[in-house]
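One structure is given below, encoded as structure tokens.
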Amino acid sequence: MKVLYATSEALPFAASGGLADVSGSLPHAMRKRLIGCRIVLPLYEDVPQELRDKMNFLTSLSVPVAWRRQYCGVFEARHNGVIYYLLDNQYYFKRPGLYGHYDDAERFSFFSRAVLEMLDFIDFKPEIIHANDWQCALIPVFYNLYYRKREGYENIKTVYTIHNIQYQGKYGLEILEDVFGISQEASSIVEQDGCINLMKGGIESADCVTTVSPTYAKEILDPYYSHGLDSILRIREWKLHGILNGIDTDSNNPETDQQIWANYTAENPAVKAVNKRKLQERLNLPLNSEVPMISMVTRLVSHKGLDLVKSAIQELLNEDVQFVLLGSGEWAYESFFKEIQTKYPEKMSYYSGFVPELAHKIYAGADIFLMPSQSEPCGLAQMIACRYGTVPIVRETGGLKDSISDSGDGQGMGFTFKTYSADDMMNAIHRALGGYFNKEIWNVLIERCMNADFSWGRSANEYIRLYRSLLKQ
Ligand code: GLC
967 MKVLYATSEA LPFAASGGLA DVSGSLPHAM RKRLIGCRIV LPLYEDVPQE
1017 LRDKMNFLTS LSVPVAWRRQ YCGVFEARHN GVIYYLLDNQ YYFKRPGLYG
1067 HYDDAERFSF FSRAVLEMLD FIDFKPEIIH ANDWQCALIP VFYNLYYRKR
1117 EGYENIKTVY TIHNIQYQGK YGLEILEDVF GISQEASSIV EQDGCINLMK
1167 GGIESADCVT TVSPTYAKEI LDPYYSHGLD SILRIREWKL HGILNGIDTD
1217 SNNPETDQQI WANYTAENPA VKAVNKRKLQ ERLNLPLNSE VPMISMVTRL
1267 VSHKGLDLVK SAIQELLNED VQFVLLGSGE WAYESFFKEI QTKYPEKMSY
1317 YSGFVPELAH KIYAGADIFL MPSQSEPCGL AQMIACRYGT VPIVRETGGL
1367 KDSISDSGDG QGMGFTFKTY SADDMMNAIH RALGGYFNKE IWNVLIERCM
1417 NADFSWGRSA NEYIRLYRSL LKQ
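Numbering (this note's numbering), first residue to last: 967 to 1439.
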């Protein structure tokens, strides 16, 4: 089977969030299962030079972007045995950062069209094109409109994955023809509530729609979670599937991780204490092996549940705990946590930024990992925390619910709460702290966390099953 995985970011080339982790590891897991899966992404300015040095120029072509024609260079790279195509156009991609430019609509209209056009120029004819998030939503739309009947393009099936329904790619209708080259007669495919909504177009057009956990697949049928797309999804529910992401268990491995101070395994979790002490040193917190260290590694945006943390912070810091937070995002949260750190330097450490190396050190050094998200399509951090034996506290939503079960049943590996409320979160935190001070219980929990299987195997098999069923249709 041949699959082309189209994405706007993939590790190690370009990353801004969880999509890059998924794109960087799912195709590799497919390959291990003998599926010919290749990746295509834009060649951004941000792609590191050492990776550029290893790329080969394959070909160039001219791509229609509505009435324009734009140059597209196709480069090929190999990473972990997987082939990546990087599409070059300096006008669109030679800029700092991946998104947030005034002409993102045009940039990703170009990219989506280029992915389809390039198939005539490369020696890989996919049976499935798997497009991700709003940036690639136009691929199934364009396929249906312009390529379905083109010679050599017949019978390709399209899969569209929603990684977060909050980001839909919304634009004014006035650019429909000028930027996307979609005529007024076809406007209903991408039109929603009086504007262009690219995600809606992807949902309408793809043969199958997936999202990144079974619970989120149900949640987005509800207006509370859907950001306006519930009615369209309910009509298309028959083709909607939820498949839980995995994590890359090689780069997230406490036994071999070079970024942490001391390596350890589930058999020897006591070494974790070395990482805790070093982390306290690095973050200027009192050196104390007994005090429970609660951590968060997150973007500082509201759906991550930061309002709960904000409103419970005094109560939390009244406890004998250390609270460590790493992440950047909205100014209001950043300044709030900076202020708390100044007020409680002995208890709270806030580091603003996206620092993968420090993130690993926190996963390894902390005792408890907090993820009280208001919504969480999948979430990867809770799984990484488990792998490092850092016991998670999560709200029961999306992938958090599907990956972490409450230890109250005698089997689970963490602490969970249902309602989006600070009281319920604090309740779960108190239960976790109770567990922490009972060393016997705690060691069992650490072991369960570290032994949980979050590898890509199961998910890759589910995607492959889905692809097969589509090809039979
Ligand atoms: C998005 C979601 C996150 C998910 C990731 C990968 O970033 O917000 O929950 O884990 O995509 O699918």
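Where is the CB? At the ideal position from N, CA and C, for every residue including glycine.
State the DSSP-derived secondary structure class of residue i, mapped to helix, strand or coil.
| i | result |
| --- | --- |
| Ala-1080 | helix |
| Cys-1344 | coil |
| Met-1379 | coil |
| Arg-1431 | helix |
| Lys-1309 | helix |
| Arg-1157 | In the sequence as presented, Arg is not what sits at residue 1157; that position holds Glu. Strand at Glu-1157. |
| Met-1392 | helix |
| His-994 | helix |
| Lys-1123 | strand |
| Phe-1289 | strand |
| Val-1237 | helix |
| Val-969 | strand |
| Val-1426 | Correcting the residue identity first, residue 1426 is Ala in this sequence and not Val. Ala-1426: helix per DSSP, three-state reduction. |
| Gly-1295 | strand |
What does the alpha-carbon distance come out to for the pair residue i and residue j?
| i | j | result |
| --- | --- | --- |
| Pro-1106 | Thr-1124 | 6 Å |
| Ala-1388 | Glu-1151 | 49 Å |
| Pro-1322 | Val-1357 | 20 Å |
| Ser-1294 | Glu-1120 | 45 Å |
| Glu-1305 | Lys-1384 | 29 Å |
| Leu-1272 | Ile-1094 | 39 Å |
| Ser-1153 | Met-967 | 33 Å |
| Tyr-1133 | Ile-1155 | 18 Å |
| Leu-977 | Lys-1276 | 32 Å |
| Tyr-971 | His-1096 | 5 Å |
| Tyr-1230 | Pro-1220 | 6 Å |
| Arg-1046 | Asp-1012 | Residue identity differs from the one stated: residue 1046 is Asn in this sequence, not Arg. About 20 Å. |
Can you name the residues that DSSP bridges to residue i?
| i | result |
| --- | --- |
| Ala-1332 | According to DSSP, Ala-1332 bridges with nothing at all. |
| Leu-1027 | Cys-1038 |
| His-958 | With the chain covering 967 to 1439 only, the question about residue 958 has no answer from this structure. |
| Tyr-1050 | Ile-1005 and Ala-1043 |
| Ile-1260 | Phe-1289 and Ile-1334 |
| Val-1175 | Tyr-1126 and Leu-1206 |
| Gly-1066 | Looking at the DSSP assignment, Gly-1066 forms no beta bridge with any residue, so it has no partner. |
| Lys-1136 | Asn-1163 |
For the alpha helix (DSSP H) holding residue i, just list the boundary residues, first then last.
| i | result |
| --- | --- |
| Ile-1359 | Here Ile-1359 belongs to no alpha helix (DSSP H); instead the beta strand (DSSP E) covers 1357-1361. |
| Ser-1277 | 1272-1284 |
| Pro-1252 | Here Pro-1252 belongs to no alpha helix (DSSP H), and DSSP marks it neither H nor E. |
| Ser-1192 | 1189-1192 |
| Ile-1141 | Ile-1141 -> no alpha helix (DSSP H), and no H or E assigned at all. |
Starting from residue i, trace the beta strand (DSSP E) both ways and give me its first and last residue.
| i | result |
| --- | --- |
| Met-1314 | 1314-1317 |
| Arg-1004 | 1002-1008 |
| Ile-1095 | 1094-1098 |
### Query
Do three or more CB pairs link the region 1216-1236 to the region 1191-1205 at distances below 8 Å?
Because the criterion of three Cβ pairs below 8 Å is not met, the region 1216-1236 and the region 1191-1205 do not touch.
### Contact between the region 1021-1029 and the region 974-988 (3+ Cβ pairs under 8 Å)
Per the Cβ contact rule, the region 1021-1029 is not in contact with the region 974-988 (fewer than 3 Cβ pairs under 8 Å).
#### Entry: Contact between the region 1367-1386 and the region 1287-1299 (3+ Cβ pairs under 8 Å)
no
### Query
Is there contact between the region 1308-1318 and the region 1276-1291, where contact requires at least three CB pairs shorter than 8 Å?
With three or more CB-CB distances shorter than 8 Å, the region 1308-1318 counts as touching the region 1276-1291.
### Query
Three or more beta-carbon pairs under 8 Å between the region 1156-1176 and the region 1330-1349, yes or no?
Between the region 1156-1176 and the region 1330-1349, the count of C-beta pairs closer than 8 Å stays below three; the two stretches do not touch.
### the region 1142-1156 / the region 1330-1339 touching (three or more Cβ pairs under 8 Å)
The answer is no - the region 1330-1339 does not touch the region 1142-1156, with fewer than three Cβ pairs under 8 Å.
### Message
Under 8 Å: do the region 1246-1256 and the region 1024-1043 share three or more Cβ pairs, one atom per stretch?
### Response
With the cut-off at 8 Å, the region 1246-1256 and the region 1024-1043 do not touch.
### Task
Decide yes or no for the touch test of the region 995-1015 against the region 1029-1038: beta carbon pairs closer than 8 Å, at least 3 of them.
no
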